[in-house]
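See structure below.
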Amino acid sequence: MKKVFKMEDLDCAHCAAKMEEKIKKIDGVINADINFLAEKLVLEAEDEVFDAVLCEVIKVCKSVEPDCNVIVC
Amino acid sequence: MSSKQKKKLSRIVVSAIFLVAAVLAQRYCSYKLLSSVFYLTAYFITGYDVIIKAVWGVRHRHFLDENFLMSIASVGAVCLGEFFEGVAVMLFYHVGELFQAVAVSKSRKSIAALMDIRPEIAHVKRNGTVFTVSPREVAVNEEIEVNPGEKIPLDGIVINGESTVDASALTGESVPNEVKSGDTVLSGCVNLGGVIIVKVTKPFEQSTVAKILELTQSTRAAKSKKERLITSFARWYTPTVVICAVLLALVPQLFIAEARVEWIRRALIFLVISCPCAMVVSVPLTFFCGMGCASSKGIMVKGSAYLEALAKCDTVVFDKTGTLTKGEFTITEINAVKFDRRVLTAVAAAAESHSSHPIAKALVAASGDDYKRFKVTNVKEFPGKGVLSTVEKWDVAVGNAAFMQTLGIDVADDDQSTVVHIVIDGNYSGSITVSDQIKQEAYGIARKLKNLDVENTVMLSGDKEQKARTVAQELDIDKVYAQLLPNDKVEVLQTLINGSEGTVAFVGDGINDAPVLALSHVGIAMGVMGSDAAVEAADMVITDDNPKKLCTALKIAKKACDIAKQNIAMAVSVKILFLLLGSFGATGMAGAVFADVGILVVAVLNAMRAMKLNDA
Chain A
4 MKKVFKMEDL DCAHCAAKME EKIKKIDGVI NADINFLAEK LVLEAEDEVF
54 DAVLCEVIKV CKSVEPDCNV IVC
Chain B
-6 MSSKQKKKLS RIVVSAIFLV AAVLAQRYCS YKLLSSVFYL TAYFITGYDV
44 IIKAVWGVRH RHFLDENFLM SIASVGAVCL GEFFEGVAVM LFYHVGELFQ
94 AVAVSKSRKS IAALMDIRPE IAHVKRNGTV FTVSPREVAV NEEIEVNPGE
144 KIPLDGIVIN GESTVDASAL TGESVPNEVK SGDTVLSGCV NLGGVIIVKV
194 TKPFEQSTVA KILELTQSTR AAKSKKERLI TSFARWYTPT VVICAVLLAL
244 VPQLFIAEAR VEWIRRALIF LVISCPCAMV VSVPLTFFCG MGCASSKGIM
294 VKGSAYLEAL AKCDTVVFDK TGTLTKGEFT ITEINAVKFD RRVLTAVAAA
344 AESHSSHPIA KALVAASGDD YKRFKVTNVK EFPGKGVLST VEKWDVAVGN
394 AAFMQTLGID VADDDQSTVV HIVIDGNYSG SITVSDQIKQ EAYGIARKLK
444 NLDVENTVML SGDKEQKART VAQELDIDKV YAQLLPNDKV EVLQTLINGS
494 EGTVAFVGDG INDAPVLALS HVGIAMGVMG SDAAVEAADM VITDDNPKKL
544 CTALKIAKKA CDIAKQNIAM AVSVKILFLL LGSFGATGMA GAVFADVGIL
594 VVAVLNAMRA MKLNDA
C-alpha cells in the first residue's frame, strides 16, 4: 500500500535525508521518499503491517527532528 | 518570516550585541570578568537549544548529529580559552540555519502562490436571484456571473457579455484573450474587462482547474540523480570529516613538536565544517525552483528526475495527431454511392459514435443531430483500422483501406489524404475524406530544438506515409515513422532509445500513447486534448497543448541542471579548501564557520535563480 503524508515543520534538509534513510531500514517498508521542499512523505509498505510501520515511522521522525509532525493527508 | 523565525532572529541579534560588547569589554575594560560574562551570555542565548538538541541526539544515539558536533566544537573552543571563536561558531551556525529556513519557506510560498488557481466562489443565477456559493455546488447548465477581476470558477460557454480573459494562471501566457457570446472559457482564468454570464458545461470536479490542481498534487517519488548523489555524499562526508578531526587531534602531535592544544584547535575547525548543509539543501531547492518556474509557464513537471532527464535530451519524438496537428479533423470530401450524402455521413457517424478517435469525432460533428436517430448495436472497434457495427438493420463497416482489405473489399488507396470508407450490408457505399491542420505553434520548433542540443527530431503517426511526410517536411522534422499501429510505436521508441546517447523525450496525447509515454525517459502529454490515460502516464504535462512549450521546458531544465552543478562544485571545493586551510592553521574557527555559512547563502541564492527564466 502506498500512502502520502504531509510533514509539518520540516525545516532541515539534512534531517529529511536522515529520516528517509532510517525509515527505509524499518521492517516492512518497501520504499520511502521524503520530498523536503514539498513537505511530503510517500510511504510504501506491506498492507498487513502498514499501521505498525506507520507508528515506527513517526517514532523515527521524532527522534531525528522532534518538532516535525507527520500528518495523514 | 514566521513568528518562530522572528524569535530566532531576535536571539541572533541579541547574542551578536553581547558578542560585540564582549569584544569591546575585552579591549577597553580592565575588569576581565566582564567580557567573560558577556561572552557566555552571548553563547547561551544563541546556543542553548543546540546543546539541548545535542543531548537529545546523543540519547537517541545520533552521534554525528550536527547539533552535537557544533556543541563540541564551540564548547571545545571555550575550554581552550577562545571565547570569541566559541560564540562565533554558534552564532554563525544559527545565521546559516535561519537563512536556510527563510529561503525554503519563501520558495515554498512563492511556488504555492503560482499554483494557487483554485477559485473559491461562484455567483450562480437561480430563479432570477444571484447566490454566492462554492463552485462545487453549481450544476451543469446553470448560469454563473463572473465580475471583472474575478477568477472564472467553472468551465463553460459565454452566453452574455463581452470581455477579455487572462489565462496566465493556466498557460503562463500573459496576453489576454477576447471573449464574447458563444466562446468557451476555462476555469482558473481571470475575467478582466466586463461582466460575463457563463453557462456551465462541466462540474467542478471535471473542470480544467480541478485537473491542473490534481496534476500539481501528483508529485512522484522521482529524485534526480544529482539529488541522490548529494544524499550519498552527505552520508559519508560527515563521518569522514569527524574521523579526520579525531586523527588530526591525536596523530600529528606525535610527530610534530607543536603544542597539543594547537592540533586540537585545528581538529575543532574540522567539526565546524562537517555539516554538508549547503549541498543538501541547495540541490533539491534548485530543482524545486525550476519546477515552480515551469508551472508558472503552464508546464507541470511531476518530479525533479524528469527535469534533469530533459536537460540531457538529444532526441525528441512527436506524435503527429493532436500534438503537432490540431487533432480536429474536418470533412473535406464526401463520395456517396447510391446513398444520400447526409444519410451516409449520419450512418458513418452513428457507427463511430462510441469511438473517441479524432476521425469519429469529426464524423459526429459533421452529422449534427442526424446520427442520433439511428439505433446502434454490436459495436466492435479495431484500433488503427476501423469499426464494425449494426446500425438499425444494416451491417456497417467504417474504416481505412487496410480495414476494407481485411473485409475482402478492394479500394483504391489514397496516399495523400485520410479517407474513411463505408460498407453497408456488404456493399461499398462511399467514402469520406477528412483532413487535419498543423498547429500554428508547431512551426519553428525543430530549429529551436536543434539550438537546444536536440540533434534528432522524430515524428510517429498512425496515418499514411505520404501524409505524415508532408507534415514532417513542413515542420523540418528529421525522421518520420508512419502507418504505425499502437504497438509499433512502442517498438520504434525502444529502437530510438537504444540508439541515442542522451535521453529520449516523447510528446503525445492519445489513449494509445500511454505505453510510449511511460517508456520514454521523459513522457510529455498535452493537457487539454490529452486523454486521461496519457496525462496519467506522462512525466510532464503541457497545460495549453502548445508544443512550443517544450522548448521552454528544455531551457528551464538546462538552467536548473547548470545551477545544481555550480552549487555542488562550489560547496565541495570551498569545504575542502577550508579543511586544508584549517589543518595547516591558516584559518581560525570563526573564519571557517563564516565561510561555511557564506557558501550556504551563496548556494541557496544561486538555487533560487532557477525560478526565473530569461525567455528569448
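Sequence order for the protein chains is A and B.
Sequential numbering of the first sequence, starting at 4, is according to the numbering used here.
Sequential numbering of the second sequence, starting at -6, is according to the numbering used here.
Each residue gets a CB set at the ideal place from its N, CA and C atoms; glycine is no exception.
Tell whether a beta-carbon distance below 8 Å holds between residue i and residue j.
i               : j              : result
V265 (chain B)  : V43 (chain B)  : no
V151 (chain B)  : V191 (chain B) : yes
V273 (chain B)  : A20 (chain A)  : yes
G584 (chain B)  : R259 (chain B) : no
A530 (chain B)  : D36 (chain A)  : no
V80 (chain B)   : L12 (chain B)  : yes
V158 (chain B)  : V172 (chain B) : yes
E59 (chain A)   : I29 (chain A)  : yes
E78 (chain B)   : M582 (chain B) : yes
K(-3) (chain B) : I292 (chain B) : no
S8 (chain B)    : T39 (chain B)  : yes
M533 (chain B)  : V202 (chain B) : no
V82 (chain B)   : A66 (chain B)  : yes
E345 (chain B)  : P277 (chain B) : no
L593 (chain B)  : A227 (chain B) : no
Kindly indicate which three-state DSSP category residue i falls into: helix, strand or coil?
i              : result
D406 (chain B) : coil
N184 (chain B) : strand
D67 (chain B)  : Residue identity differs from the one stated: residue 67 (chain B) is Ser in this sequence, not Asp. Residue state, collapsed to three classes: helix.
I29 (chain A)  : coil
F322 (chain B) : coil
E49 (chain A)  : coil
C71 (chain A)  : coil
E50 (chain B)  : Looking at the sequence shown, residue 50 (chain B) is not Glu but Gly. In the structure shown, G50 (chain B) sits in a helix (DSSP, three-state: H, G or I).
K5 (chain A)   : strand
A304 (chain B) : helix
G500 (chain B) : Correcting the residue type first, residue 500 (chain B) is Val in the shown sequence and not Gly. In this structure, V500 (chain B) counts as strand in the three-state DSSP scheme.
F367 (chain B) : coil
S513 (chain B) : coil
K472 (chain B) : strand
N539 (chain B) : coil
N491 (chain B) : helix
N607 (chain B) : coil
C15 (chain A)  : coil
R221 (chain B) : helix
M10 (chain A)  : strand
V6 (chain B)   : helix
V60 (chain A)  : helix
A358 (chain B) : helix
G584 (chain B) : helix
N34 (chain A)  : strand
D312 (chain B) : strand
V13 (chain B)  : helix
T34 (chain B)  : helix
E374 (chain B) : strand
T383 (chain B) : strand
Looking only at C-alpha atoms, which of the options sits nearest to residue i?
i              : options                           : result
C306 (chain B) : B:C282, B:V71, B:A498 and B:I517  : B:A498
D471 (chain B) : B:F92, B:Q199 and B:V309          : B:V309
D362 (chain B) : B:T383, B:C268 and B:R335         : B:R335
T370 (chain B) : B:A358, B:A359, B:S297 and B:A390 : B:A390
L400 (chain B) : B:D388, B:F61 and B:F11           : B:D388
D469 (chain B) : B:I438, B:K551 and B:S493         : B:I438
G377 (chain B) : B:A475, B:T496 and B:V88          : B:A475
C237 (chain B) : B:E220, B:L261 and B:D555         : B:L261
D537 (chain B) : B:A553, B:L91, B:S454 and B:E434  : B:E434
G520 (chain B) : B:K46, B:L303, B:L179 and B:I324  : B:L179
L73 (chain B)  : B:G154, B:V235, B:E255 and B:I415 : B:E255
R111 (chain B) : B:L163, B:V131, B:N134 and B:V133 : B:L163
S382 (chain B) : B:K368, B:D502 and B:P232         : B:K368
Using a C-beta cutoff of 8 Å, does residue i count as contacting chain D?
i             : result
A20 (chain A) : No chain D is present in this structure, whose protein chains are A and B.
Going along the stretch 29 to 49 of chain A in order, which residues come within less than 8 Å of chain B, judged by CB to CB distance?
Flagged, chain order: N34, D36, N38, F39, L40, A41, E42, K43 and V45.
Any chance you could list the alpha helix (DSSP H) runs of at least 4 consecutive residues sitting entirely within the stretch 225 to 294 of chain B, in chain order?
Within the stretch 225 to 294 of chain B, the runs of alpha helix (DSSP H) at least 4 residues long that lie entirely inside it are, in chain order, 245 to 248, 253 to 265 and 270 to 289.
Segments of 3+ residues assigned as beta strand (DSSP E) that fall wholly inside the stretch 125 to 151 of chain B:
Entirely contained in the stretch 125 to 151 of chain B, the beta strand (DSSP E) runs reaching 3 residues are, in chain order, 136 to 139.
What are the residues of the stretch 253 to 275 of chain B that lie near chain A, defined by any Cβ-Cβ distance shorter than 8 Å?
C268, P269, C270, V273 and V274
Give, in chain order, every residue of the stretch 72 to 101 of chain B whose Cβ lies closer than 9 Å to some Cβ of chain A.
E90, Q93, A94, V97, S98, S100 and R101
If you measure beta-carbon to beta-carbon, which residues of the stretch 281 to 305 of chain B are closer than 7 Å to chain A?
F281
According to a CB-to-CB cut-off of less than 7 Å, which residues of the stretch 332 to 365 of chain B neighbour chain A?
Result list empty, no residue passes.
Members of the stretch 33 to 51 of chain B near chain A, C-beta cut-off 7 Å
Cβ contacts with chain A come from W49.
Give me the subset of the stretch 223 to 239 of chain B whose CB atoms are less than 8 Å from a CB atom of chain A, sorted by chain position.
T224, A227 and R228
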